[in-house]
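First comes the structure, then the notes that go with it.
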Amino acid sequence: MITIGATTWSEHKALITEDRPVTLAEYAANFPVVEVDTFFYGIPRISTVKNWQAQVPPAFHFVVKAHRSMTGHSDKKANLAELKETFANFKLAVGPLVETGQLKTVLFQFPPYFIPTKKSINYLRQIRAWLPALPLCLEFRNQAWYQPNTLQSLVAFCRQERFTLTAADEPHQTEASVPFYPVVTTPDLMFWRLHGRNQQGWLKKGPNWRKERTLYRYDHAELEQFKQTLVGLQNDVKEICIIFNNNSAGDAVPNALTLKELLGIDFDGLGPPPPTQLNLI
Numbered sequence: 426m427i428t429i430g431a432t433t434w435s436e437h438k439a440l441i442t443e444d445r446p447v448t449l450a451e452y453a454a455n456f457p458v459v460e461v462d463t464f465f466y467g468i469p470r471i472s473t474v475k476n477w478q479a480q481v482p483p484a485f486h487f488v489v490k491a492h493r494s495m496t497g498h499s500d501k502k503a504n505l506a507e508l509k510e511t512f513a514n515f516k517l518a519v520g521p522l523v524e525t526g527q528l529k530t531v532l533f534q535f536p537p538y539f540i541p542t543k544k545s546i547n548y549l550r551q552i553r554a555w556l557p558a559l560p561l562c563l564e565f566r567n568q569a570w571y572q573p574n575t576l577q578s579l580v581a582f583c584r585q586e587r588f589t590l591t592a593a594d595e596p597h598q599t600e601a602s603v604p605f606y607p608v609v610t611t612p613d614l615m616f617w618r619l620h621g622r623n624q625q626g627w628l629k630k631g632p633n634w635r636k637e638r639t640l641y642r643y644d645h646a647e648l649e650q651f652k653q654t655l656v657g658l659q660n661d662v663k664e665i666c667i668i669f670n671n672n673s674a675g676d677a678v679p680n681a682l683t684l685k686e687l688l689g690i691d692f693d694g695l696g697p698p699p700p701t702q703l704n705l706i
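Each residue of the sequence shown is one higher than the one before, starting from 426 at the first, in the numbering used here.
So, in structure tokens, the structure goes:
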């Protein structure tokens, strides 16, 4: 099975004809999965998560990005007790998604300075110990993880600890990026994140760097190559989930819809959200 989606839902103007934010219900009428980065900046209330669920069909899934303190992005380094509490709160917040089977995976996207050391491997083991039953994805941003003397050990480690190793498509000529390497490390899920190939934007500094690094539209030939790779891999794993993150200029959804068309697939289970249950007194 192949599923396709994008990062967030509100900014994908290609799905509507009006100049306004896209609603989650509108997004979910077109795609079966979304990546949510809300958790990265702050763990939301359970009521917020349940409100999302009320807007989508039961078969819709969420990819949830781990909180920044869980991946070492925070300016203030948390001590062990604080970090353990964050993991506990995070686990509670995704609880409603776990209960309904709508949690696709938790994405741990690490910064470029997270490199393959004994300390890093021990931390990854700690993550699995704190979240023993959840589906977890790892995405790295340092070439050192993909060196020949490290890569096969990384793949074996991911298989042993039940981590899905993310296949990230991005500019590959920098130390702070990795090659596109789709490999099956968990039987239920292969996870792709397509960031675009804007070499200059990837290294951009300054206040607008987030917008410029994903300023890229995949052309037909590039999408066709993705299709050929997907066709060759789809029998090796239960599901391949592709998230387009190249939306600085609104290209993620058009690219996603084109890839869907090239693959000739429909997403079963899409439809209106379940009816609201009213508690009458």
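In this text, a Cβ means the ideal position worked out from N, Cα and C, and glycines have one as well.
Counting along the chain, the unbroken beta strand (DSSP E) around residue 564 starts and ends at 561-564.
Between residue 677 and residue 437, the C-beta gap is smaller than 8 Å, which places the two residues in contact. Checking the DSSP bridge columns, you'll see residue 667 partnered with 429 and 617. Counting C-beta atoms within 10 angstroms of its own C-beta, residue 445 has fewer than 16 neighbours from the protein chains shown and is therefore classed as exposed.
When rounded, the separation of the alpha-carbon atoms in residue 482 and residue 462 is 20 Å.
With a threshold of 16 other beta carbon atoms within 10 Å, residue 490 meets it and is buried. Secondary structure of residue 436 (DSSP, three-state): coil. DSSP places residue 542 in no alpha helix (DSSP H); its state is neither H nor E. Nearest to residue 542 by alpha-carbon distance, out of 520, 587, 567 and 664, is 567. By the CB criterion at 8 Å, residue 616 and residue 639 fall outside the cutoff. Taking C-alpha positions only, residue 447 is separated from residue 551 by approximately 38 Å. Residue 434 holds the alpha-carbon nearest to the alpha-carbon of residue 480 among 511, 502, 515 and 434.
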